[in-house]
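Novice:
Numbering (this note's numbering), first residue to last: 1282 to 1397.
#1: What first and last residue would you give for the beta strand (DSSP E) that runs through residue 1287?
#2: Check whether the segment 1333 to 1349 touches the segment 1370 to 1379, taking contact to mean three or more Cβ pairs, one atom from each stretch, closer than 8 Å.
#3: By how many angstroms is the C-alpha of residue 1384 removed from the C-alpha of residue 1289?
#4: Kindly identify the DSSP beta-bridge partner or partners of residue 1391.
#5: Could one say the Cβ of residue 1336 lies closer than 8 Å to chain B's Cβ atoms, at least one of them?
#6: Give the single residue among 1295, 1314, 1296 whose Cα lies nearest to the Cα of residue 1304.
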């Protein structure tokens, strides 16, 4: 499975961005998909997760501001980011898990920078 992320950029605090991540390859193997972020000097952490059936889970820091969705027909997962804060600045990585738990795939990362 290959994951291609896009949509990052520079935005002012309070603004919005939408990240996209398109999957290709052995897409029938994909179960959960998600977005993680990694700020400088920090560990990569989960931002949002969506299951094949559409159930979602969010980090407390983004609840009410971010929304994850997926289009299974397009093999794409999205992260709508609103009310962005400077502390949201990080590299955002999309992720997909094998539904049997046999593998974990990562996209290349896309930089999100929020200016104050």
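Every residue, glycine too, gets a C-beta built ideally from N, C-alpha and C.
Specialist: Per the coordinate set shown:
#1: For residue 1287, the uninterrupted beta strand (DSSP E) segment begins and ends at 1283 to 1287.
#2: Short answer: they don't touch.
#3: In this structure, the alpha-carbon of residue 1289 lies about 26 Å from that of residue 1384.
#4: BP columns for residue 1391 point to 1373.
#5: Note that chain B does not occur in the displayed structure, where there is just one protein chain.
#6: The candidate whose alpha carbon is nearest that of residue 1304 is 1314.
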